[in-house]
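S.K.: According to this note's numbering, the sequence shown is numbered sequentially starting from 264.
A virtual CB, placed ideally from N, CA and C, is assigned to each residue, including glycine.
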Amino acid sequence: MLELDNVSTGYDDVQVLWDVSLRVEVGELVSLLGNNGAGKTTTLGAIMGILPLFGGDVRFRGESITEVSVQDRSGLGLTIAPEDDAVFPDMTVKGNLRVSAYGVDKEERRRRLERVYDLFPRLQERTGQYADTLSGGERQMLNIGSALMRDPDMLLIDEPSLGLAPMLADDILSEIENISNQGMTVLLVEQNVNKALSISDRAYVMEKGQIRLEGRAKDLMNDEKVRESYLGI
């Protein structure tokens, strides 16, 4: 579904990625792992068109989207739940979710809302509560739920467990696994390596702006040399 072919990019004249190639097939949950500064979030920026490419190509469903705008990429079915949550703090949970489906007819919006509430019952419990009163874990649920309200074919999720207590982090990642099990294609950027590998089909390991390793998640998790050299576990 998604393919990066020798993608290089960065910020202004500072290059961060060098010849990054990866793929995500329909229905897969693929993790992109690595330490802080490895280039994971930059890779998502390149996929969404937030950063211009210095070289290479991004393809979605077999077609190049390198020249497609950020807004139009979302229209193609590619959506991101960013690391810095995109919720509106002075709106209710329901208001945040509804505005994410702006322009959608009432019945379809209701269907999407029910789906999000089924995935995140806590959000339904907090439906009339303002977003700035939610806990960190609840805000992250709302962040992902808002992305799902756009009814994407593929969801990019950036560091969903960042700053959360271990139990909450596990809950969020388990919900992402549930989303994947329902058929959503997911590319997950995550620092909780053990949990990310346990829910993923495949994984890529980044280091200093390059892909250093790739393989089935179970194989990476069980390879002692890989764990010590690249994953720090």
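Give a yes or no on whether the C-beta atoms belonging to Val-321 and Leu-267 are separated by under 8 Å.
M.R.: Indexing the sequence shown from 1 puts residue 321 at position 58. Indexing the sequence shown from 1 puts residue 267 at position 4. With contacts defined as CB atoms closer than 8 Å, Val-321 and Leu-267 qualify as a contacting pair.
S.K.: How would you call Gly-300, buried or exposed, if buried means at least 16 neighbouring beta carbons within 10 angstroms?
M.R.: Taking the sequence shown and counting its residues from 1, one reaches residue 300 at position 37. Classification for Gly-300: exposed.
S.K.: I'd like to check one pair, Gly-426 with Gly-399: are the Cβ atoms closer than 8 Å?
M.R.: Along the sequence shown, one-based indexing puts residue 399 at 136. Along the sequence shown, one-based indexing puts residue 426 at 163. A contact, by the Cβ cut-off of 8 Å.
S.K.: For the alpha helix (DSSP H) that contains Gly-358, what are its first and last residues?
M.R.: Numbered from 1 along the sequence shown, position 95 holds the residue referred to as residue 358. Element bounds for Gly-358: 356-362.
S.K.: Taking the beta carbon of Asn-455 as the centre, do at least 16 other beta carbons fall within 10 Å, making it buried, or is it exposed?
M.R.: Position 192 of the sequence shown, counted from the start, is the residue given in the question as residue 455. The residue in question, Asn-455, is buried, as its Cβ has 16 or more Cβ neighbours within 10 Å.
S.K.: Taking the C-alpha atoms as reference points, what is the distance between Arg-387 and Asn-269?
M.R.: Taking the sequence shown and counting its residues from 1, one reaches residue 387 at position 124. Taking the sequence shown and counting its residues from 1, one reaches residue 269 at position 6. According to the sequence provided, residue 387 is Gln. The question's Arg does not apply to it. Going by the C-alpha atoms only, they are around 43 Å apart.
S.K.: I need the boundaries of the alpha helix (DSSP H) containing Asn-269, first residue and last residue.
M.R.: Residue 269 sits at position 6 when you count from the first residue of the sequence shown. Premise fails: Asn-269 lies in the beta strand (DSSP E), 265-274, not in any alpha helix (DSSP H).
S.K.: Could you give the uninterrupted runs of the beta strand (DSSP E) lying entirely in the segment 312-384, keeping only those of 3 residues or more?
M.R.: 316-323, 341-344
S.K.: Assign Thr-390 to buried or exposed, taking buried as 16 or more other Cβ atoms, counted over all protein chains shown, within 10 Å of its Cβ.
M.R.: Here the question's residue 390 lines up with position 127 in the sequence shown. The residue in question, Thr-390, is exposed, as its Cβ has fewer than 16 Cβ neighbours within 10 Å.
S.K.: If you draw a straight line from the alpha carbon of Asp-276 to that of Glu-453, how long is it in whole angstroms?
M.R.: Against the sequence shown, residue 276 aligns to sequence position 13. Against the sequence shown, residue 453 aligns to sequence position 190. If you take the alpha carbons of Asp-276 and Glu-453, they lie about 27 Å apart.
S.K.: Going by DSSP in three states, Leu-427 sits in which element: helix, strand or coil?
M.R.: Taking the first residue of the sequence shown as 1, we reach residue 427 at position 164. Here Leu-427 sits in coil by DSSP.
S.K.: Enumerate in chain order the residues of its own chain whose CB-to-CB distance from Leu-285 is below 6 Å, with the five nearest sequence positions on each side excluded.
M.R.: Walking along the sequence shown from the start, residue 285 turns up at place 22. Hits under 6 Å: Leu-267, Tyr-467.
S.K.: Among Glu-401, Thr-272, Leu-418, which one has its Cα closest to the Cα of Asp-434?
M.R.: Your numbering for residue 434 matches position 171 in the sequence shown. Comparing Cα-Cα distances from Asp-434 to each of Glu-401, Thr-272, Leu-418, the minimum goes to Glu-401.
S.K.: So, for Val-350: in the same chain, excluding its five sequence neighbours on each side, which residues have a beta-carbon less than 7 Å away from its beta-carbon?
M.R.: Start at 1 with the first residue of the sequence shown, and residue 350 comes out as number 87. Cβ within range, chain order: Asn-359, Ala-394, Arg-402, Leu-405, Asn-406, Ser-409.
S.K.: Which runs of the alpha helix (DSSP H) spanning at least 4 residues fall entirely within the segment 403-469, listed in chain order?
M.R.: 429-444, 456-462
S.K.: Per DSSP, what kind of secondary structure is Gln-392 in: helix, strand or coil?
M.R.: Sequence index remark: in the sequence shown, residue 392 carries index 129 (1-based). Residue state, collapsed to three classes: coil.
S.K.: Report the option in Glu-438, Arg-324, Val-331 whose CA atom is closest to the CA atom of Pro-315.
M.R.: Residue 315 sits at position 52 when you count from the first residue of the sequence shown. Nearest option by C-alpha distance: Val-331.
S.K.: For Arg-361, which option in Leu-339, Asp-414, Pro-384 has the closest C-alpha, if you only look at C-alpha atoms?
M.R.: Here the question's residue 361 lines up with position 98 in the sequence shown. Looking at the Cα atoms, Asp-414 is the closest of the given residues.
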